[in-house]
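**Student:** Pasting a structure below so you can have a look.
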DNA sequence: AACAACGATGTACATTGTACAGTGTACGTC
DNA sequence: GACGTACACTGTACAATGTACATCGTTGTT
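Protein chains in written order, with the numbering used here: chain A, -17 to 260; chain G, -17 to 260.
Here it is, written out as structure tokens:
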């Protein structure tokens, strides 16, 4: 048994010199089981014998999301989730056999499934795309931990797929090819994510470092003045001071979002125009 | 002594219920010391007594960068860095008193300081901005760990400032205000970072999960077919299949970069045009 | 020669994900 | 009604992390 695990892991990290079993890595990954969980299938051929389960996948996922929202992703540990649902740490693995990785996949899909998706009939494409961006921004604001979730190989559950379908529809009727529509959506969502990332850690830093933005800038400015020759870095000193000192992190992220979305929409607009002329 | 640390930490995380000293957090943060280190100042009033230092800040930072480049940021531990320079784990703190956080700041600045910055005289603004983007992309390709570094409150060392000055100069002569120039640069770099992020974890996933992109897609497609009603998600099934199955992760990131940069430059172009007319 | 300042090191602790072995429960079959 | 089997649950254990603290050793100054 142990041999099997070790062997499979050696395959997993081929090229590694050491052969010990590292901690905190893979549990038992299995795409099929994860998919079944995402769609809440009772893949087991009907459970009969044994004690009745005292929890459900949903309750576990719910607890994890609450913890992540309130205290950040780092606070989501198997132990904290277990405590939140009133079970022992290892019990969680009964409901989420894939461990923490699988749990995160489930969390992501649930959040997306719940998001609001207002009807966009009658809106122009710019309003539709802006609305999609705003919705994603709102999701990130409510669940900052989502920003750090990888977007390649997303958990293909009902939430993710519903969201994808809805967002693709914003590009209906523009004469773009399938590949272009996907690229355009990726482009928009990439911008929103990058902006949310900046906003989130700008918001987190004051607490994490026990220092306000203003205090940090003041300290840097005073010390940099003695070290840096302003004539060697004219743009950096002038623009950096203007961009940094004046505005707090939160306001800055807001301005960057509006500025960026204007550029994004203008950029897409040119693609659309070009396509219409063909 | 211990009291002082604890007290300062209570201030640090005011609002937290518990009062224990958590692990792996702050070492001794001090903006002034970090800045001195970044600029390699001998802030101490001339070291005289005591054994000669056997290492330098640069050697430590160098080792850390090498490890990060070759094995990823997770492999950069105080212990692995110490081993690489042939010292005991705790010795590292002699040269980088701020611990891992400060070490990361130093790594970032060194990488930026070394980056190539070719002369851009004679180029049009589109070429200049594209070149800036390409350079950042190349840096991320060579040092994927940089992607995860926070960009708010960057380490204001010689590398970061030189890079900032250089990149701002790409927007010279366009008639944009200081605030607009900073916003435009942030916009461009944000796109590059978002793209690099996707590319990096698309590249990392096959190794990390012992599963090729093709195998993953095949597994998902087969199972999803039984669960999802294609008529309910027409766009998602059609476009998702086209966008996902056909291309591997690496090629996809490349295409997304070219597509995105075209939109970014078009978007900025409209801003520039508008400014010229005024 | 004694002292003071500073570099180096070993030990210790709290925290993480999860493998493994063991304990108890409830249903189906005899 | 007794029994066995499948399953839920739990406690223990381990390797790895950042870094506080106390100690030891080395060097130049007094």
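Each residue gets a CB set at the ideal place from its N, CA and C atoms; glycine is no exception.
Here the structure is a predicted model, which means the values were calculated and not measured.
(1) How far does the alpha helix (DSSP H) with residue 296/A in it reach, from first residue to last?
(2) Along the chain, where does the alpha helix (DSSP H) that runs through residue 20/G open and close?
(3) Does residue 202/A get closer than 8 Å to chain G when you measure Cβ to Cβ?
(4) Whole-angstrom Cβ separation of residue 235/A and residue 127/A, contact assumed at under 8 Å?
(5) On a Cα-Cα basis, can you pick out the residue from 48/A, 101/A, 42/A that is closest to residue 145/A?
(6) In terms of alpha-carbon separation, which member of 52/G, 134/G, 249/G, 18/G lies closest to residue 78/G?
(7) Examine chain A for any beta-carbon lying closer than 8 Å to the beta-carbon of residue 143/G, and answer yes or no.
(8) Which residues in chain G sit within 9 Å of residue 101/A, going by Cβ to Cβ distance?
(9) List the residues of chain A whose Cβ lies closer than 9 Å to the Cβ of residue 108/G, in chain order.
(10) From residue 4/A to residue 60/G, what distance separates their C-alpha atoms?
(11) Specify, as a first and last residue, the run of the alpha helix (DSSP H) that residue 131/A falls within.
(12) Anything in the region 42 to 67 of chain A with a Cβ closer than 7 Å to a Cβ of chain G? List those residues in chain order, please.
(13) Using a Cβ cut-off of 8 Å (strictly closer), state whether residue 150/A contacts chain G.
(14) Whole angstroms is fine: what's the gap from residue 193/G's alpha carbon to residue 105/G's?
(15) If you reduce the DSSP assignment to three classes, tell me which class residue 259/A lands in.
(16) Along the chain, where does the alpha helix (DSSP H) that runs through residue 61/G open and close?
(17) Looking only at its own chain, which residues have a Cβ that is under 6 Å from the Cβ of residue 136/A, when we skip the five neighbours before and after it?
(18) List the residues of chain G that residue 132/A touches, going by C-beta distances under 7 Å, in chain order.
(19) Would you call the region 243 to 254 of chain G in contact with the region 237 to 253 of chain A, where contact means no fewer than 3 C-beta pairs closer than 8 Å?
(20) Kindly indicate which residue of 16/G, 156/G, 37/G has the alpha-carbon position closest to the one of residue 257/G.
(21) Taking the C-alpha atoms as reference points, what is the distance between residue 97/A and residue 71/G?
(22) What first and last residue would you give for the alpha helix (DSSP H) that runs through residue 36/A?
(23) Pick out the complete alpha helix (DSSP H) segments inside the region 120 to 189 of chain A, 4 residues or longer, and give them in chain order.
(24) Taking the beta carbon of residue 139/G as the centre, do at least 16 other beta carbons fall within 10 Å, making it buried, or is it exposed?
(25) In whole angstroms, what separates the C-alpha of residue 45/A from that of residue 121/A?
(26) Considering Cα atoms alone, identify which of 84/G, 165/G, 163/G, 164/G is closest to residue 132/G.
(27) Apart from the five residues just before and just after residue 223/A, which ones in its own chain have a Cβ nearer than 8 Å to its Cβ?
(28) Can you tell me which of 57/G, 42/G, 53/G puts its alpha carbon nearest to the alpha carbon of residue 75/G?
(29) Pop quiz: residue 184/A and residue 134/G are said to be a contact at Cβ under 8 Å. What is the actual Cβ separation, rounded to whole angstroms?
(30) Leaving out five residues on either side along the sequence, give the residues of the same chain with a beta carbon under 7 Å from the beta carbon of residue 179/A.
(31) What residues from the region 166 to 180 of chain G come within 7 Å of chain A, judged by C-beta to C-beta, listed N to C?
**Tutor:** Taking the geometry as given:
(1) Since the first and last residues shown for chain A are -17 and 260, residue 296/A lies out of range.
(2) 13 to 20
(3) yes
(4) With 8 Å as the limit, residue 235/A and residue 127/A do not qualify as a contact, their Cβ atoms being about 17 Å apart.
(5) 101/A
(6) 18/G
(7) yes
(8) Near residue 101/A there are no residues of chain G at all, since even the closest Cβ is about 16 Å away, more than 9 Å.
(9) Within 9 Å Cβ-Cβ: nothing; residue 108/G doesn't reach chain A, min ~13 Å.
(10) Residue confidence is low: residue 4/A scores 35 on pLDDT, short of 50, so the model does not pin down where it sits. No coordinate-derived value is stated.
(11) From DSSP, residue 131/A is part of no alpha helix (DSSP H); its letter is neither H nor E.
(12) none
(13) yes
(14) 44 Å
(15) helix
(16) 60 to 67
(17) 142
(18) 183
(19) yes
(20) 156/G
(21) 47 Å
(22) First-last for residue 36/A: undefined, no H or E at that position.
(23) 140 to 151
(24) buried
(25) 18 Å
(26) 84/G
(27) 203
(28) 42/G
(29) 4 Å
(30) 129
(31) 168, 169, 172, 173, 175, 176, 177, 180
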